[in-house]
Amino acid sequence: MDQLEAFLQRAEQLLERVEPLLPPASAAPDWAASTAFRWRRRLGAGFLEAVPDPHAVALEALHNVGRQKALLDRNTRQFVRGLPANNALLWGARGTGKSSLVKALLHAHAGAGLRLIEMDKSELVDLSDVAKLVRGRGERFVVFCDDLSFEGDDPGYKALKAMLDGSVSAAPENLLIYATSNRRHLVPEYMAENEEARNVDGEIHHGEAVEEKISLSERFGLWVSFHPFSQEAYLEIVQGWLQRFGIDDGLDAVREDALRFALERGSRSGRVAWQFARDWAGRRGLGE
């Protein structure tokens, strides 16, 4: 009997040491906690974490992206109404409002049941798990992958490709993928790959390496391109953000400082315009 008690005591001590290393029991997401969620992994198990204070961006605050705004808003309105809609790839110059537009669409359509799930590219291998969680629910879910790009051996590459169009299991009808990227085809493109192209009766046929890379981006039904802003467009965005901060100094009063701010950063992007407006508004608040 003493030996049995000693054995049970040792077993209990062993369990106490092992338990912290085991994955936590998966709990159902609290869908009422927020309109935005992040996919997280802890000790090998994935789960959805509610974002307590999602970044609210108003659609009307985004300037000089009217065409892009109209395209993605129309696609999102189709989606929230249960109509056919496409997965979307937002690609182009940095700081031109790609991720801000996705956040603004959540803010605009959350009342109609739109929800956002943010996933990092390293977590895309869990896309099928996310699909299981949302399948059959009444809300409409957009999986948001920001600043997406892949190297050739990234495990998330095949998972995303299969979810977009290529798996024997269909994606849930209440789930879309919106991705932003600085790369049109999401993967690096090398000069050597162009050497594989061949001329057949006057037509250019790409090599297998190029075809493989193009095949991922082509699975997105909607491509929305963003281009660098001109100087005047940049200044217009600056003025728009200053007005959002309640400042109406006029463009002539800020023009020189705004252009110098952009020159120091080597970019006339919407992000830089927003940063300048925050700096100017803060300085005004200090009386400078």
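Numbering-wise (our numbering), the sequence shown opens with residue 9 and increments by one.
Even for Gly, the Cβ is constructed at its ideal location relative to N, Cα and C.
These numbers come from a predicted model, not from an experiment.
#1: In three-state DSSP terms, what is V65?
#2: Name the DSSP bridge partner or partners of F55?
#3: On the premise that V59 lies in contact with S42, defined as a C-beta separation below 8 Å, what is that separation, rounded to the nearest angstrom?
#4: Let me check understanding here. Comparing Cα to Cα, which of G52, L70 and R25 lies closest to W282?
#5: With 16 other CB atoms within 10 Å as the buried threshold, where does G258 fall?
#6: Where are the beta strand (DSSP E) runs, 3 residues long or more, that stay fully inside the region 78 to 111, in chain order?
#7: Between the region 44 to 57 and the region 127 to 144, do at least 3 Cβ pairs fall closer than 8 Å?
#8: How big is the Cα-Cα spacing for Q86 and A19?
#9: So L172 and F253 are in contact, right, with Cβ under 8 Å, and what is the actual spacing, rounded?
#10: Identify, in the order they occur along the chain, each residue of the same chain with its Cβ nearer than 7 Å to the Cβ of L80, setting aside the five sequence neighbours on each side.
#11: Can you tell me the Cα-Cα spacing of E159 and W99, whole angstroms?
#12: Do H63 and K129 have their C-beta atoms within less than 8 Å of each other?
#13: CA-CA distance, H235 and R148?
#14: Do T188 and D154 have their beta-carbon atoms positioned less than 8 Å apart in this structure?
#15: Assign F15 to one of two classes, buried (16 or more other C-beta atoms within 10 Å of its C-beta) or exposed (fewer than that).
#16: Beta-carbon separation of I245 and G290 under 8 Å?
#17: Do you know how far the Cα of A179 is from the Cα of N72?
#18: So what does F237 bridge to, in DSSP terms?
#19: What does DSSP give as the partner residues of V232 in its beta bridges?
#20: Mind checking who Y165 pairs with in its DSSP beta bridge?
#21: State the Cα-Cα distance for the pair G274 and A116, rounded to the nearest angstrom.
#22: Thinking R102 and N182 are a contact (beta carbons under 8 Å), I'd like their distance in whole angstroms, please.
#23: Within 10 angstroms of its Cβ, does Y198 collect 16 or more other Cβ (buried), or is it exposed?
#24: Give the secondary structure of F253 by DSSP, where H, G and I count as helix, E and B as strand, and everything else as coil.
#25: Of the choices Y186, P163 and V88, whose alpha-carbon is the least far from that of E126?
#26: Go to S136, then tell me how far its beta strand (DSSP E) extends in each direction, as first and last residue.
#27: Opposite L172 in the DSSP bridges: which residues?
#28: Give the C-beta separation of Q247 and R276 to the nearest angstrom, bearing in mind that I take them to be a contact with Cβ-Cβ under 8 Å.
#29: If we ignore side chains and look at the alpha-carbon of each, how far apart do Q17 and L51 end up?
According to the structure data:
#1: coil
#2: R48
#3: 5 Å
#4: L70
#5: exposed
#6: 96 to 100
#7: yes
#8: 58 Å
#9: Contact doesn't hold; Cβ gap of about 39 Å is too wide.
#10: A96, L109, L113 and V232
#11: 17 Å
#12: no
#13: 29 Å
#14: yes
#15: exposed
#16: no
#17: 34 Å
#18: Its beta-bridge partners do not exist; DSSP assigns none.
#19: L98
#20: Looking at the DSSP assignment, Y165 forms no beta bridge with any residue, so it has no partner.
#21: 32 Å
#22: So it is not a contact: roughly 31 Å between Cβ atoms.
#23: Caution applies to Y198, whose pLDDT of 49 falls short of 50 and renders its modelled position unreliable; the value that the coordinates give is listed next. It counts as exposed.
#24: coil
#25: Y186
#26: Unbroken run through S136 is the alpha helix (DSSP H), L135 to V142; no beta strand (DSSP E).
#27: In the DSSP output, where bridge partners are listed per residue, L172 has none listed.
#28: Actually they do not touch by this definition, with Cβ atoms about 14 Å apart.
#29: 26 Å
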